[in-house]
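Residue numbers (the numbering used here), protein chains in the order written: chain A, 1 to 10; chain B, 11 to 227.
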């Protein structure tokens with residue numbers, strides 16, 4: 001996303 | 011990883027195990043909404059499509075596979091298992107899901123974390139759809155009035171998973187400076203709120219013992 005983070009939650 | 015998120019994931023796994031135990035083990039789909047089951051299958055297949063190019067951790071990877079596998083297994087048995095088809099309350103499982111799926115798709119395209127990325131649109135769609143996917147199941151239970159034990163434990167475990175995720179988000183918001191995720195906050199709140207009425211009746215019924223069935227007004 002724009003925050004640059006991989007979605008790490010399920 | 012924090013304790014709330016871990017317990018939330020475990021509660022989510024428990025909800026799948028309870029449902030599989032009833033549908034595959036007990037060969038019964040009575041009181042279970044195929045519409046909700048299908049929406050969860052859509053939710054996990056769309057959200058976890060990034061299995062193919064993202065790797066956050068082994069835990070994350072395996073649970074994604076597990077959630078996709080379990081949700082598809084449930085749909086498969088409800089659609090094609092002879093005894094499951096015979097016990098499924100098709101007439102009462104009548105919530106008009108197109109009114110949930112279409113707005114979620116539009117919202118996913120319009121409101122997401124990064125407009126340039128198709129995956130972010132799909133991901134946001136899955137978050138919105140998950141928030142409301144339980145509605146056909148609650149609608150079916152409401153129609154039937156009395157809820158089987160296993161089904162009530164299943165819905166409770168699913169609600170507990172989302173409530174624990176709310177605590178997880180609060181914890182991460184306080185401990186991780188960059189943690190934002192406004193979309194999930196709002197969707198998670200909506201999703202958990204939908205369970206409040208059920209939680210109340212579950213508590214009222216179960217305080218005398220876990221084997222008392224839940225009656226909905």
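Using N, Cα and C, we set each Cβ at its ideal position, and we do this for glycine too.
Beta-carbon contacts of residue i that lie in its chain and below 7 Å, excluding the five residues immediately before and after
i, result
"residue 189(B)", "182, 183"
"residue 226(B)", "151, 152, 155, 157, 211"
"residue 195(B)", "179"
As assigned by DSSP and simplified to three states, the class of residue i
i, result
"residue 119(B)", "helix"
"residue 158(B)", "coil"
"residue 4(A)", "Because residue 4(A) carries a pLDDT of 46, less than 50, the predicted location of this residue cannot be relied on, and no value is offered for it."
"residue 225(B)", "strand"
"residue 126(B)", "coil"
"residue 48(B)", "helix"
"residue 188(B)", "coil"
"residue 42(B)", "coil"
"residue 143(B)", "coil"
"residue 219(B)", "coil"
"residue 103(B)", "coil"
"residue 62(B)", "helix"
"residue 70(B)", "helix"
"residue 178(B)", "helix"
"residue 28(B)", "helix"
"residue 131(B)", "helix"
For residue j and residue i, believed in contact at Cβ under 8 Å, the rounded distance
i, j, result
"residue 87(B)", "residue 42(B)", "The Cβ separation is near 10 Å, so there is no contact."
"residue 28(B)", "residue 164(B)", "4 Å"
"residue 112(B)", "residue 197(B)", "In fact, because the Cβ distance is near 17 Å, the residues do not count as touching under 8 Å."
"residue 171(B)", "residue 25(B)", "6 Å"
"residue 53(B)", "residue 143(B)", "6 Å"
"residue 208(B)", "residue 148(B)", "6 Å"
"residue 136(B)", "residue 57(B)", "4 Å"
"residue 73(B)", "residue 10(A)", "5 Å"
Spatial neighbours of residue i in its chain, beta-carbon cut-off 6 Å, leaving aside the 5 residues before and after
i, result
"residue 85(B)", "47, 48, 51"
"residue 119(B)", "131"
"residue 3(B)", "It is not possible to answer for residue 3(B), since the shown part of chain B is limited to 11 through 227."
"residue 40(B)", "97"
Chain-ordered chain A contacts of residue i [CB-CB under 8 Å]
i, result
"residue 172(B)", "Going along chain A, no residue has its Cβ under 8 Å from residue 172(B), so there is no contact; the nearest lies around 12 Å."
"residue 12(B)", "Those do not exist, as residue 12(B) stays about 11 Å from chain A at its closest Cβ, beyond 8 Å."
"residue 99(B)", "Within chain A, no residue comes near residue 99(B); the closest Cβ sits about 30 Å away, beyond 8 Å."
"residue 159(B)", "None at all; the shortest Cβ gap to chain A is about 27 Å."
Under 8 Å by beta carbon: chain E residues contacting residue i
i, result
"residue 15(B)", "The structure shown contains no chain E; its protein chains are A and B."
Close beta carbons around residue i, own chain, < 8 Å, minus the five adjacent residues each side
i, result
"residue 174(B)", "14, 15, 17, 18, 21"
"residue 145(B)", "46, 105, 110, 204"
"residue 129(B)", "59, 60"
"residue 11(B)", "69"
"residue 223(B)", "156, 157, 158, 159, 162, 215"
Proximal residues of chain A, C-beta to C-beta of residue i below 7 Å
i, result
"residue 19(B)", "10"
"residue 221(B)", "None at all; the shortest Cβ gap to chain A is about 31 Å."
Using a beta-carbon distance cut-off of less than 9 Å, what residues from the stretch 73-84 of chain B approach chain A?
-> 73, 74, 77
Could you name the residues of the stretch 127-146 of chain B whose beta carbon sits closer than 7 Å to any beta carbon of chain A, in the order they occur along the chain?
-> 130, 133
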